[in-house]
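One point on numbering: in my numbering, the residue at position 146 of the sequence shown is 199, and numbering is uninterrupted.
Everything below concerns the one structure shown next.
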Amino acid sequence: MKTLIALAAPLMLAACSQAPLQAPSAPVAPTAWQQAPAASASAIDALETPELRALLQRADAANRDLASAALRLRQAQTQERVAGLRFNPQAGLNHSASRPVEPQSSTRLVDVGGVSVPVTSQQGWSRSYSASVGVGWEWDVWDRLAQGRNAAAAQTDAAQADLRAARAQLRQQVAERYWTLRGLAAQRPLATRQRELAQDVLQRVRLRVREGKLLPIEVDRAAASLQQAEVRLADLEADTRLQRQQLALLLDEPLPGPEITGNALLEPAPTLALPAPADVLARRPDLQRARALVDAALARLRVSEAQRYPQLSFSANLGTNGSRASDWLSQPLVSLAGNLVVPLIDWRRLDAQRDSARTELELAALQLRDTVARGVVEVEALLVEGQRLRDQQAANAARLREATQAAAQAALRYETGTLARADWLQLEVARLDAEISAQQLLLRERVQREQLARALAY
54 MKTLIALAAP
64 LMLAACSQAP
74 LQAPSAPVAP
84 TAWQQAPAAS
94 ASAIDALETP
104 ELRALLQRAD
114 AANRDLASAA
124 LRLRQAQTQE
134 RVAGLRFNPQ
144 AGLNHSASRP
154 VEPQSSTRLV
164 DVGGVSVPVT
174 SQQGWSRSYS
184 ASVGVGWEWD
194 VWDRLAQGRN
204 AAAAQTDAAQ
214 ADLRAARAQL
224 RQQVAERYWT
234 LRGLAAQRPL
244 ATRQRELAQD
254 VLQRVRLRVR
264 EGKLLPIEVD
274 RAAASLQQAE
284 VRLADLEADT
294 RLQRQQLALL
304 LDEPLPGPEI
314 TGNALLEPAP
324 TLALPAPADV
334 LARRPDLQRA
344 RALVDAALAR
354 LRVSEAQRYP
364 QLSFSANLGT
374 NGSRASDWLS
384 QPLVSLAGNL
394 VVPLIDWRRL
404 DAQRDSARTE
414 LELAALQLRD
424 TVARGVVEVE
434 ALLVEGQRLR
444 DQQAANAARL
454 REATQAAAQA
464 ALRYETGTLA
474 RADWLQLEVA
484 RLDAEISAQQ
494 LLLRERVQRE
504 QLARALAY
(Lines of atoms letter the chains of each structure in order from A and count residues from 1; the text may use other names and numbers.)
(Lines give C-alpha, C1' and ligand atoms only; values in the text may rest on other atoms or scores of the structure.)
Protein backbone atom coordinates (compact mmCIF):
# COMPACT_ATOMS: atom_id res chain seq x y z
CA MET A 1 0.00 0.00 0.00
CA LYS A 2 2.82 2.44 0.82
CA THR A 3 4.44 1.62 -2.49
CA LEU A 4 1.21 2.32 -4.40
CA ILE A 5 0.69 5.65 -2.65
CA ALA A 6 4.30 6.63 -3.27
CA LEU A 7 3.98 5.87 -6.97
CA ALA A 8 0.67 7.66 -7.32
CA ALA A 9 1.49 10.75 -5.23
CA PRO A 10 3.31 12.75 -7.97
CA LEU A 11 0.58 12.11 -10.49
CA MET A 12 -2.09 12.98 -7.94
CA LEU A 13 -0.40 16.27 -7.13
CA ALA A 14 -0.09 17.07 -10.82
CA ALA A 15 -3.77 16.39 -11.34
CA CYS A 16 -4.74 18.54 -8.37
CA SER A 17 -2.82 21.44 -9.85
CA GLN A 18 -5.11 21.47 -12.91
CA ALA A 19 -7.75 24.19 -12.92
CA PRO A 20 -11.29 22.83 -12.37
CA LEU A 21 -13.58 22.73 -15.37
CA GLN A 22 -16.30 25.34 -15.17
CA ALA A 23 -19.75 25.30 -16.73
CA PRO A 24 -20.32 27.81 -19.55
CA SER A 25 -22.10 30.98 -18.54
CA ALA A 26 -25.87 30.96 -18.95
CA PRO A 27 -27.48 33.30 -21.48
CA VAL A 28 -29.01 36.47 -20.05
CA ALA A 29 -32.77 36.81 -20.45
CA PRO A 30 -34.28 40.19 -21.43
CA THR A 31 -35.66 42.31 -18.62
CA ALA A 32 -39.01 42.98 -20.32
CA TRP A 33 -41.03 42.02 -23.36
CA GLN A 34 -41.00 44.28 -26.39
CA GLN A 35 -44.75 43.91 -26.82
CA ALA A 36 -46.64 45.50 -23.92
CA PRO A 37 -48.97 43.03 -22.13
CA ALA A 38 -52.71 43.53 -21.96
CA ALA A 39 -54.22 45.31 -18.98
CA SER A 40 -56.26 42.34 -17.72
CA ALA A 41 -55.14 38.75 -17.69
CA SER A 42 -56.47 35.32 -16.74
CA ALA A 43 -55.02 31.92 -15.89
CA ILE A 44 -54.71 28.98 -18.26
CA ASP A 45 -57.80 27.34 -16.76
CA ALA A 46 -59.93 30.05 -18.33
CA LEU A 47 -59.15 28.60 -21.77
CA GLU A 48 -60.61 25.20 -20.91
CA THR A 49 -64.17 23.95 -21.09
CA PRO A 50 -65.47 20.74 -19.48
CA GLU A 51 -65.49 19.05 -22.91
CA LEU A 52 -61.91 20.14 -23.63
CA ARG A 53 -60.79 19.04 -20.19
CA ALA A 54 -62.23 15.57 -20.82
CA LEU A 55 -60.39 15.38 -24.16
CA LEU A 56 -57.13 16.33 -22.49
CA GLN A 57 -57.54 13.57 -19.93
CA ARG A 58 -58.17 11.02 -22.69
CA ALA A 59 -55.09 12.24 -24.55
CA ASP A 60 -52.90 11.95 -21.45
CA ALA A 61 -53.97 8.34 -21.02
CA ALA A 62 -53.71 7.20 -24.66
CA ASN A 63 -51.32 9.36 -26.67
CA ARG A 64 -48.41 7.37 -28.12
CA ASP A 65 -45.92 10.24 -28.18
CA LEU A 66 -46.53 10.87 -24.49
CA ALA A 67 -46.10 7.18 -23.73
CA SER A 68 -42.82 7.13 -25.65
CA ALA A 69 -41.53 10.12 -23.68
CA ALA A 70 -42.48 8.36 -20.43
CA LEU A 71 -40.58 5.23 -21.50
CA ARG A 72 -37.49 7.28 -22.37
CA LEU A 73 -37.66 8.82 -18.90
CA ARG A 74 -37.86 5.36 -17.34
CA GLN A 75 -34.85 4.28 -19.39
CA ALA A 76 -32.85 7.32 -18.26
CA GLN A 77 -33.75 6.63 -14.62
CA THR A 78 -32.53 3.06 -15.03
CA GLN A 79 -29.23 4.28 -16.46
CA GLU A 80 -28.87 6.63 -13.50
CA ARG A 81 -29.34 3.75 -11.07
CA VAL A 82 -26.75 1.71 -12.97
CA ALA A 83 -24.28 4.61 -12.71
CA GLY A 84 -24.92 4.82 -8.96
CA LEU A 85 -24.23 1.12 -8.48
CA ARG A 86 -20.68 1.56 -9.73
CA PHE A 87 -19.75 2.93 -6.31
CA ASN A 88 -20.59 -0.40 -4.69
CA PRO A 89 -17.94 -3.10 -4.26
CA GLN A 90 -17.90 -5.70 -7.01
CA ALA A 91 -18.14 -9.31 -5.81
CA GLY A 92 -17.14 -12.38 -7.78
CA LEU A 93 -17.29 -16.15 -7.39
CA ASN A 94 -15.04 -18.55 -9.31
CA HIS A 95 -14.92 -22.34 -9.39
CA SER A 96 -12.81 -24.59 -11.61
CA ALA A 97 -11.98 -28.26 -12.04
CA SER A 98 -9.22 -29.73 -14.22
CA ARG A 99 -7.96 -33.11 -15.38
CA PRO A 100 -5.15 -33.87 -17.89
CA VAL A 101 -6.08 -35.44 -21.20
CA GLU A 102 -3.60 -38.39 -20.76
CA PRO A 103 -3.16 -40.44 -17.59
CA GLN A 104 -0.08 -39.56 -15.59
CA SER A 105 2.81 -42.07 -15.53
CA SER A 106 6.36 -42.28 -14.16
CA THR A 107 9.49 -44.17 -15.33
CA ARG A 108 12.25 -45.57 -13.05
CA LEU A 109 15.36 -47.72 -13.66
CA VAL A 110 15.63 -51.22 -12.12
CA ASP A 111 18.98 -53.10 -11.89
CA VAL A 112 18.56 -56.59 -13.32
CA GLY A 113 21.79 -58.60 -13.36
CA GLY A 114 23.84 -55.46 -13.62
CA VAL A 115 21.75 -54.04 -16.41
CA SER A 116 19.52 -50.97 -15.84
CA VAL A 117 16.07 -51.69 -17.18
CA PRO A 118 13.46 -48.80 -17.38
CA VAL A 119 10.13 -49.68 -15.76
CA THR A 120 7.02 -47.50 -16.39
CA SER A 121 4.21 -47.39 -13.86
CA GLN A 122 0.75 -45.82 -14.33
CA GLN A 123 -0.41 -43.51 -11.53
CA GLY A 124 -4.00 -43.06 -12.77
CA TRP A 125 -5.94 -39.87 -13.50
CA SER A 126 -5.06 -36.65 -11.64
CA ARG A 127 -7.76 -34.15 -10.74
CA SER A 128 -7.56 -30.66 -9.31
CA TYR A 129 -10.34 -28.39 -7.95
CA SER A 130 -10.26 -24.76 -6.91
CA ALA A 131 -12.76 -22.15 -5.74
CA SER A 132 -12.44 -18.49 -4.80
CA VAL A 133 -14.56 -15.57 -3.62
CA GLY A 134 -13.36 -12.04 -4.27
CA VAL A 135 -14.44 -8.44 -3.62
CA GLY A 136 -13.08 -5.43 -5.53
CA TRP A 137 -13.58 -1.73 -4.97
CA GLU A 138 -12.30 1.31 -6.85
CA TRP A 139 -11.29 4.44 -4.98
CA ASP A 140 -12.87 7.29 -6.92
CA VAL A 141 -9.93 9.62 -6.44
CA TRP A 142 -10.71 12.02 -9.31
CA ASP A 143 -14.51 11.83 -9.14
CA ARG A 144 -14.64 9.89 -12.39
CA LEU A 145 -17.45 7.67 -11.15
CA ALA A 146 -19.20 10.58 -9.46
CA GLN A 147 -19.14 12.63 -12.65
CA GLY A 148 -20.49 9.67 -14.59
CA ARG A 149 -23.37 9.51 -12.14
CA ASN A 150 -23.89 13.28 -12.53
CA ALA A 151 -24.04 12.87 -16.29
CA ALA A 152 -26.69 10.15 -15.94
CA ALA A 153 -28.68 12.34 -13.53
CA ALA A 154 -28.54 15.23 -16.01
CA GLN A 155 -29.81 12.93 -18.74
CA THR A 156 -32.69 12.00 -16.45
CA ASP A 157 -33.48 15.70 -15.98
CA ALA A 158 -33.42 16.13 -19.75
CA ALA A 159 -35.82 13.20 -20.17
CA GLN A 160 -38.16 14.69 -17.57
CA ALA A 161 -38.11 17.98 -19.47
CA ASP A 162 -38.86 16.07 -22.68
CA LEU A 163 -41.89 14.52 -21.00
CA ARG A 164 -43.16 17.92 -19.86
CA ALA A 165 -42.58 19.34 -23.33
CA ALA A 166 -44.45 16.42 -24.92
CA ARG A 167 -47.38 16.95 -22.55
CA ALA A 168 -47.47 20.69 -23.28
CA GLN A 169 -47.29 20.05 -27.03
CA LEU A 170 -50.06 17.48 -26.76
CA ARG A 171 -52.26 19.90 -24.83
CA GLN A 172 -51.77 22.57 -27.47
CA GLN A 173 -52.55 20.22 -30.35
CA VAL A 174 -55.68 18.80 -28.72
CA ALA A 175 -56.92 22.27 -27.75
CA GLU A 176 -56.27 23.67 -31.23
CA ARG A 177 -58.27 20.89 -32.88
CA TYR A 178 -61.04 21.21 -30.32
CA TRP A 179 -61.42 24.94 -30.85
CA THR A 180 -61.11 24.51 -34.61
CA LEU A 181 -63.97 22.03 -34.58
CA ARG A 182 -65.98 24.40 -32.38
CA GLY A 183 -65.28 27.27 -34.75
CA LEU A 184 -66.17 25.24 -37.84
CA ALA A 185 -69.42 24.14 -36.20
CA ALA A 186 -70.24 27.76 -35.37
CA GLN A 187 -69.60 28.89 -38.95
CA ARG A 188 -71.63 26.12 -40.58
CA PRO A 189 -75.16 27.56 -39.87
CA LEU A 190 -74.01 30.99 -41.03
CA ALA A 191 -72.51 29.55 -44.23
CA THR A 192 -75.64 27.47 -44.87
CA ARG A 193 -77.86 30.51 -44.49
CA GLN A 194 -75.54 32.50 -46.73
CA ARG A 195 -75.77 29.88 -49.47
CA GLU A 196 -79.56 29.83 -49.26
CA LEU A 197 -79.71 33.59 -49.60
CA ALA A 198 -77.22 33.53 -52.48
CA GLN A 199 -79.41 30.99 -54.32
CA ASP A 200 -82.45 33.20 -53.81
CA VAL A 201 -80.51 36.24 -55.05
CA LEU A 202 -79.38 34.40 -58.19
CA GLN A 203 -82.95 33.37 -59.07
CA ARG A 204 -84.26 36.90 -58.63
CA VAL A 205 -81.37 38.45 -60.57
CA ARG A 206 -82.08 36.10 -63.47
CA LEU A 207 -85.70 37.15 -63.43
CA ARG A 208 -84.87 40.84 -63.42
CA VAL A 209 -82.36 40.36 -66.24
CA ARG A 210 -85.04 38.65 -68.34
CA GLU A 211 -87.36 41.56 -67.55
CA GLY A 212 -84.65 43.94 -68.74
CA LYS A 213 -84.26 45.64 -65.37
CA LEU A 214 -80.61 44.57 -64.89
CA LEU A 215 -77.63 44.04 -67.12
CA PRO A 216 -76.68 40.40 -67.90
CA ILE A 217 -73.36 40.88 -66.04
CA GLU A 218 -75.32 40.89 -62.79
CA VAL A 219 -76.11 37.20 -63.28
CA ASP A 220 -72.40 36.36 -63.28
CA ARG A 221 -71.86 38.38 -60.10
CA ALA A 222 -74.72 36.63 -58.36
CA ALA A 223 -73.47 33.24 -59.57
CA ALA A 224 -69.95 34.05 -58.29
CA SER A 225 -71.42 34.95 -54.90
CA LEU A 226 -73.28 31.62 -54.80
CA GLN A 227 -70.15 29.74 -55.84
CA GLN A 228 -68.17 31.40 -53.03
CA ALA A 229 -70.84 30.39 -50.50
CA GLU A 230 -70.90 26.79 -51.75
CA VAL A 231 -67.10 26.53 -51.69
CA ARG A 232 -67.02 27.93 -48.16
CA LEU A 233 -69.57 25.38 -46.98
CA ALA A 234 -67.67 22.53 -48.69
CA ASP A 235 -64.42 23.68 -47.08
CA LEU A 236 -66.09 23.68 -43.68
CA GLU A 237 -67.22 20.08 -44.16
CA ALA A 238 -63.79 18.92 -45.38
CA ASP A 239 -61.93 20.76 -42.62
CA THR A 240 -64.24 19.22 -40.03
CA ARG A 241 -63.44 15.70 -41.23
CA LEU A 242 -59.70 16.43 -41.31
CA GLN A 243 -59.67 17.92 -37.81
CA ARG A 244 -61.60 14.95 -36.41
CA GLN A 245 -59.06 12.59 -37.97
CA GLN A 246 -56.16 14.53 -36.45
CA LEU A 247 -57.87 14.52 -33.06
CA ALA A 248 -58.41 10.76 -33.33
CA LEU A 249 -54.69 10.35 -33.99
CA LEU A 250 -53.83 12.33 -30.86
CA LEU A 251 -56.29 10.31 -28.77
CA ASP A 252 -55.27 6.98 -30.37
CA GLU A 253 -58.88 6.30 -31.34
CA PRO A 254 -60.36 4.84 -34.54
CA LEU A 255 -61.55 7.06 -37.37
CA PRO A 256 -63.53 9.18 -38.03
CA GLY A 257 -62.63 10.55 -34.61
CA PRO A 258 -64.60 12.14 -31.78
CA GLU A 259 -67.45 14.50 -32.57
CA ILE A 260 -67.52 17.86 -30.85
CA THR A 261 -70.99 18.75 -29.67
CA GLY A 262 -72.56 22.17 -29.95
CA ASN A 263 -72.43 24.86 -32.61
CA ALA A 264 -72.68 27.99 -30.47
CA LEU A 265 -70.81 31.06 -31.65
CA LEU A 266 -67.31 31.50 -30.25
CA GLU A 267 -66.71 34.09 -27.57
CA PRO A 268 -63.57 36.24 -27.29
CA ALA A 269 -60.71 34.34 -25.67
CA PRO A 270 -59.46 35.53 -22.28
CA THR A 271 -56.11 37.25 -22.13
CA LEU A 272 -53.33 35.25 -20.47
CA ALA A 273 -51.15 36.63 -17.70
CA LEU A 274 -47.70 37.55 -19.00
CA PRO A 275 -44.89 36.81 -16.50
CA ALA A 276 -41.43 38.32 -16.73
CA PRO A 277 -39.11 36.87 -19.40
CA ALA A 278 -36.79 35.32 -16.81
CA ASP A 279 -39.70 33.50 -15.14
CA VAL A 280 -40.96 32.19 -18.48
CA LEU A 281 -37.55 30.96 -19.59
CA ALA A 282 -36.89 29.30 -16.23
CA ARG A 283 -39.94 27.04 -16.50
CA ARG A 284 -39.99 26.27 -20.24
CA PRO A 285 -39.28 22.54 -20.77
CA ASP A 286 -37.07 23.13 -23.82
CA LEU A 287 -34.84 25.47 -21.79
CA GLN A 288 -34.70 22.99 -18.91
CA ARG A 289 -33.72 20.24 -21.32
CA ALA A 290 -30.99 22.39 -22.90
CA ARG A 291 -29.57 23.23 -19.46
CA ALA A 292 -29.61 19.55 -18.46
CA LEU A 293 -27.74 18.61 -21.63
CA VAL A 294 -25.09 21.22 -20.82
CA ASP A 295 -24.71 19.70 -17.34
CA ALA A 296 -24.45 16.21 -18.85
CA ALA A 297 -21.82 17.34 -21.37
CA LEU A 298 -19.81 19.06 -18.64
CA ALA A 299 -19.92 15.93 -16.47
CA ARG A 300 -18.74 13.77 -19.39
CA LEU A 301 -15.89 16.20 -20.03
CA ARG A 302 -14.84 15.84 -16.40
CA VAL A 303 -15.03 12.07 -16.77
CA SER A 304 -12.73 12.19 -19.79
CA GLU A 305 -10.34 14.42 -17.85
CA ALA A 306 -10.35 12.08 -14.85
CA GLN A 307 -9.56 9.12 -17.09
CA ARG A 308 -6.15 10.66 -17.78
CA TYR A 309 -5.09 10.19 -14.16
CA PRO A 310 -4.20 7.01 -12.24
CA GLN A 311 -6.96 4.67 -11.15
CA LEU A 312 -6.54 3.01 -7.78
CA SER A 313 -8.52 -0.08 -6.84
CA PHE A 314 -8.37 -2.66 -4.06
CA SER A 315 -9.39 -6.30 -3.93
CA ALA A 316 -9.72 -9.07 -1.36
CA ASN A 317 -9.80 -12.73 -2.31
CA LEU A 318 -10.45 -15.95 -0.40
CA GLY A 319 -9.56 -19.12 -2.31
CA THR A 320 -8.73 -22.78 -1.86
CA ASN A 321 -7.72 -25.73 -4.04
CA GLY A 322 -6.88 -29.40 -3.86
CA SER A 323 -7.31 -32.75 -5.51
CA ARG A 324 -10.00 -33.80 -3.01
CA ALA A 325 -12.88 -31.96 -1.40
CA SER A 326 -11.38 -32.72 2.02
CA ASP A 327 -8.35 -30.63 1.08
CA TRP A 328 -10.37 -27.41 0.58
CA LEU A 329 -10.70 -26.46 4.21
CA SER A 330 -7.12 -27.44 4.96
CA GLN A 331 -5.57 -25.19 2.30
CA PRO A 332 -7.36 -21.79 2.37
CA LEU A 333 -5.61 -18.76 0.95
CA VAL A 334 -6.47 -15.11 1.73
CA SER A 335 -5.01 -12.35 -0.42
CA LEU A 336 -5.29 -8.54 -0.35
CA ALA A 337 -4.16 -6.53 -3.36
CA GLY A 338 -4.04 -2.99 -4.63
CA ASN A 339 -4.00 -2.12 -8.30
CA LEU A 340 -2.66 1.14 -9.70
CA VAL A 341 -3.32 1.82 -13.38
CA VAL A 342 -1.32 4.71 -14.84
CA PRO A 343 -2.50 5.67 -18.35
CA LEU A 344 0.80 6.63 -19.97
CA ILE A 345 0.87 4.74 -23.26
CA ASP A 346 -2.78 5.37 -24.20
CA TRP A 347 -2.55 9.15 -23.93
CA ARG A 348 -3.43 9.78 -27.60
CA ARG A 349 -6.79 8.10 -27.29
CA LEU A 350 -7.46 9.87 -23.99
CA ASP A 351 -6.64 13.24 -25.56
CA ALA A 352 -9.02 12.51 -28.43
CA GLN A 353 -11.78 11.56 -25.98
CA ARG A 354 -11.25 14.75 -24.01
CA ASP A 355 -11.33 16.88 -27.18
CA SER A 356 -14.53 15.18 -28.27
CA ALA A 357 -16.13 15.80 -24.88
CA ARG A 358 -15.08 19.46 -24.97
CA THR A 359 -16.65 19.84 -28.42
CA GLU A 360 -19.84 18.24 -27.12
CA LEU A 361 -19.93 20.77 -24.28
CA GLU A 362 -19.48 23.68 -26.68
CA LEU A 363 -22.29 22.36 -28.86
CA ALA A 364 -24.58 21.99 -25.84
CA ALA A 365 -23.79 25.52 -24.70
CA LEU A 366 -24.48 26.85 -28.19
CA GLN A 367 -27.77 24.96 -28.27
CA LEU A 368 -28.72 26.49 -24.91
CA ARG A 369 -28.11 30.03 -26.17
CA ASP A 370 -30.05 29.27 -29.34
CA THR A 371 -32.96 27.82 -27.34
CA VAL A 372 -33.12 30.93 -25.15
CA ALA A 373 -33.13 33.21 -28.18
CA ARG A 374 -35.78 31.16 -29.95
CA GLY A 375 -37.94 31.08 -26.83
CA VAL A 376 -37.88 34.87 -26.53
CA VAL A 377 -38.61 35.32 -30.24
CA GLU A 378 -41.47 32.80 -30.09
CA VAL A 379 -43.22 34.66 -27.28
CA GLU A 380 -42.65 38.04 -28.93
CA ALA A 381 -43.99 36.75 -32.26
CA LEU A 382 -47.14 35.41 -30.59
CA LEU A 383 -47.65 38.73 -28.82
CA VAL A 384 -47.33 40.56 -32.14
CA GLU A 385 -49.76 38.11 -33.72
CA GLY A 386 -52.19 38.77 -30.87
CA GLN A 387 -52.03 42.51 -31.50
CA ARG A 388 -52.57 41.93 -35.22
CA LEU A 389 -55.66 39.85 -34.48
CA ARG A 390 -57.04 42.55 -32.22
CA ASP A 391 -56.57 45.13 -34.98
CA GLN A 392 -58.25 42.86 -37.52
CA GLN A 393 -61.11 42.20 -35.12
CA ALA A 394 -61.63 45.93 -34.60
CA ALA A 395 -61.71 46.52 -38.36
CA ASN A 396 -64.09 43.60 -38.93
CA ALA A 397 -66.32 44.77 -36.08
CA ALA A 398 -66.67 48.15 -37.80
CA ARG A 399 -67.51 46.40 -41.07
CA LEU A 400 -70.06 44.19 -39.31
CA ARG A 401 -71.75 47.23 -37.75
CA GLU A 402 -72.00 48.93 -41.13
CA ALA A 403 -73.29 45.78 -42.80
CA THR A 404 -75.86 45.23 -40.05
CA GLN A 405 -77.13 48.82 -40.31
CA ALA A 406 -77.28 48.64 -44.10
CA ALA A 407 -79.17 45.34 -44.01
CA ALA A 408 -81.63 46.73 -41.46
CA GLN A 409 -82.28 49.83 -43.57
CA ALA A 410 -82.67 47.70 -46.68
CA ALA A 411 -85.22 45.51 -44.87
CA LEU A 412 -87.30 48.59 -44.01
CA ARG A 413 -87.16 49.85 -47.59
CA TYR A 414 -88.12 46.41 -48.88
CA GLU A 415 -91.14 46.34 -46.57
CA THR A 416 -92.22 49.76 -47.86
CA GLY A 417 -91.75 48.63 -51.43
CA THR A 418 -88.95 51.06 -52.32
CA LEU A 419 -86.24 48.39 -52.65
CA ALA A 420 -86.17 45.12 -54.51
CA ARG A 421 -85.86 41.90 -52.50
CA ALA A 422 -82.71 40.89 -54.41
CA ASP A 423 -80.95 44.09 -53.30
CA TRP A 424 -81.93 43.49 -49.69
CA LEU A 425 -80.78 39.87 -49.85
CA GLN A 426 -77.41 40.91 -51.25
CA LEU A 427 -76.90 43.18 -48.25
CA GLU A 428 -77.92 40.32 -45.97
CA VAL A 429 -75.34 38.07 -47.67
CA ALA A 430 -72.71 40.74 -47.05
CA ARG A 431 -73.70 40.92 -43.37
CA LEU A 432 -73.36 37.15 -43.02
CA ASP A 433 -69.96 37.30 -44.69
CA ALA A 434 -68.79 39.82 -42.07
CA GLU A 435 -70.20 37.65 -39.27
CA ILE A 436 -68.39 34.58 -40.62
CA SER A 437 -65.17 36.61 -40.76
CA ALA A 438 -65.70 37.57 -37.13
CA GLN A 439 -65.99 33.88 -36.17
CA GLN A 440 -62.85 33.06 -38.16
CA LEU A 441 -60.93 35.76 -36.31
CA LEU A 442 -62.20 34.46 -32.97
CA LEU A 443 -61.02 30.99 -33.95
CA ARG A 444 -57.57 32.33 -34.84
CA GLU A 445 -57.55 34.11 -31.49
CA ARG A 446 -58.28 30.86 -29.65
CA VAL A 447 -55.49 29.07 -31.49
CA GLN A 448 -53.10 31.95 -30.77
CA ARG A 449 -53.97 31.78 -27.05
CA GLU A 450 -53.20 28.05 -26.95
CA GLN A 451 -49.86 28.62 -28.66
CA LEU A 452 -49.06 31.45 -26.25
CA ALA A 453 -49.98 29.24 -23.28
CA ARG A 454 -47.44 26.66 -24.39
CA ALA A 455 -44.79 29.31 -25.11
CA LEU A 456 -45.28 30.75 -21.61
CA ALA A 457 -45.01 27.21 -20.14
CA TYR A 458 -48.38 27.31 -18.39
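All residues carry an ideal CB built from backbone N, CA and C; glycine is no exception.
- For GLY201, the uninterrupted alpha helix (DSSP H) segment begins and ends at 197-263.
- Just so you know, the alpha carbons of GLN240 and ALA447 end up roughly 19 Å apart.
- Counted as a single uninterrupted DSSP element, the stretch harbouring GLY428 is not any beta strand (DSSP E) but the alpha helix (DSSP H) occupying residues 400-468.
- Taken atom to atom, the span from the alpha-carbon of ALA343 to that of GLU433 is near 20 Å.
- In this chain, LEU302 is not harboured by any beta strand (DSSP E); it is covered by the alpha helix (DSSP H) spanning 270-304.
- Between LEU325 and ALA506, the CB-CB gap stays under 8 Å.
- THR412 counts as exposed, since fewer than 16 other beta carbons sit within 10 angstroms of its beta carbon.
- Counting only residues of its own chain and dropping the five nearest sequence neighbours on each side, LEU442 has a CB closer than 7 Å to the CB of LEU494, ARG497, GLU498 and GLN501.
- In the DSSP assignment, PRO330 falls within the unbroken alpha helix (DSSP H) covering 330-336.
- Annotation: ALA461 to ALA238 spans about 26 Å, alpha carbon to alpha carbon.
- For GLY137, the enclosing alpha helix (DSSP H) covers residues 117-138.
- For GLU191, the three-state secondary structure derived from DSSP is strand.
- Between the alpha carbons of GLN406 and GLU133 lies a gap of roughly 22 Å.
- Going by DSSP, VAL394 is part of the beta strand (DSSP E) stretching over 385-394.
- LEU371 has its alpha-carbon roughly 5 Å from the corresponding atom of VAL387.
- Straight-line measurement puts the Cα of ALA322 at about 33 Å from the Cα of ALA211.
- Nearest C-alpha to SER278 among ALA475, SER78, VAL188 and SER409: ALA475.
- Annotation for VAL429: ALA82, PRO83, PRO330 and LEU334 place their beta carbon closer than 8 Å to its own, counting only its chain and skipping 5 residues before and after.
- GLN296 and ALA282 have their C-alpha atoms spaced approximately 21 Å apart.
- By the Cβ test, the segment 464-471 is not in contact with the segment 213-230, since fewer than three Cβ pairs between them sit closer than 8 Å.
- Within the model, the alpha-carbon separation for PRO338 versus ARG217 is close to 6 Å.
- Pairing VAL425 with ALA510, the inter-Cα distance amounts to about 13 Å.
- Counting of Cβ neighbours within 10 angstroms places VAL258 among the buried residues, the total reaching 16 or more.
- At the C-beta level, LEU354 and LEU393 stay beyond 8 Å of one another.
- Judged by pairs of C-beta atoms under 8 Å, the segment 473-487 touches the segment 444-459, as three or more such pairs exist.
- With respect to the C-alpha of GLN256, the residue from ALA508, ALA483, LEU478 and GLN504 having the closest C-alpha is LEU478.
- Within a 10 Å sphere around the beta-carbon of ALA115 sit fewer than 16 other beta-carbons, which makes this residue exposed.
- A distance below 6 Å between beta-carbons, with the five flanking residues on each side excluded, links LEU286 to the following residues of its chain, in chain order: ALA244 and ARG248.
- In the DSSP assignment, LEU495 falls within the unbroken alpha helix (DSSP H) covering 474-508.
- Taking the Cα of ARG224 as reference, the smallest distance to any Cα among LEU108, ASP423 and ALA418 is reached at LEU108.
- In the structure shown, the three-state DSSP call for VAL186 is strand.
- In the displayed model, ALA345 falls within a helix according to three-state DSSP.
- In the three-state scheme derived from DSSP, where H, G and I count as helix and E and B as strand, SER368 is classed as strand.
- Out of ARG139, THR293 and GLU191, the CA that lies nearest to the CA of ILE313 is found in THR293.
- Note on geometry: alpha-carbon atoms of PRO309 and ALA301 lie some 7 Å from one another.
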